[in-house]
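To convert, take the position in the sequence shown, counting from 1, and add 1; that gives my numbering.
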Amino acid sequence: EAPLVIVGAQAWKSEEELKLLYDDNIRSLIQVGPETRVKRKVIQLSYAPFPLLVSLIKGAKATVFPSLYEGFGLPLLESMLLGTPVITSNVSSIPEVVGNATCLLNPYESREIANAIRIIDQDDDLRFDYARRGLVQAKKFSQGCYQGRLESVYRKFI
Numbered sequence: 002e003a004p005l006v007i008v009g010a011q012a013w014k015s016e017e018e019l020k021l022l023y024d025d026n027i028r029s030l031i032q033v034g035p036e037t038r039v040k041r042k043v044i045q046l047s048y049a050p051f052p053l054l055v056s057l058i059k060g061a062k063a064t065v066f067p068s069l070y071e072g073f074g075l076p077l078l079e080s081m082l083l084g085t086p087v088i089t090s091n092v093s094s095i096p097e098v099v100g101n102a103t104c105l106l107n108p109y110e111s112r113e114i115a116n117a118i119r120i121i122d123q124d125d126d127l128r129f130d131y132a133r134r135g136l137v138q139a140k141k142f143s144q145g146c147y148q149g150r151l152e153s154v155y156r157k158f159i
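Structure (structure tokens):
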């Protein structure tokens, strides 16, 4: 029942894939008082100002971030710090950053991504566990932890 909210600019040459977002099979009509409205199962936002983005992440059942390459993965840490479970890629720097606090998957396997979304959507205990582990993992990258590691490196050279 929850909508899939996609935030981010449209990818190059994605018109064919995105036309599926406007298919009648992913819309339904709902009655709100005397009005009949269209309820979209997929909502695409090309941009979300920071306060809206934070609200979307905090209110989400999960952040799905199947990135093919990340230098670090800051959006993943932001989601974990907000207490939102994360579904993400098992490639690049991501596994090192997220540890065992997220659902890791092959970003090239759309069925694997869809299955992970279904599972986390239906399992409250799993979402709670990922959220709890995410908060612990994200704290490892706090400013205080960073300063401590940096100080430790400098002390080796003094």
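Where a beta carbon is used, it is the ideal one built from N, C-alpha and C, also for glycine.
query                                                                     : result
Which residues DSSP lists as bridging Ser93, in chain order               : In the DSSP output, where bridge partners are listed per residue, Ser93 has none listed.
C-alpha gap between Val33 and Glu2, whole angstroms                       : 16 angstroms
Beta bridge counterpart(s) of Ile7 as assigned by DSSP                    : Gln45
Extent of the continuous beta strand (DSSP E) to which Leu83 belongs      : Per DSSP, Leu83 belongs to no beta strand (DSSP E) and is neither H nor E.
Supposed close pair Ser80, Thr64 - CB separation, criterion 8 angstroms   : 4 angstroms
Proximity below 9 angstroms, CB of Val92 to CB of Ser68                   : yes
Among Asn107, Leu136 and Lys20, nearest to Leu83 - alpha-carbon criterion : Leu136
heavy atom of the ligand ADP below 8 angstroms from Lys140 C-beta         : The ligand ADP is absent from the structure shown, which contains no ligands of any kind.
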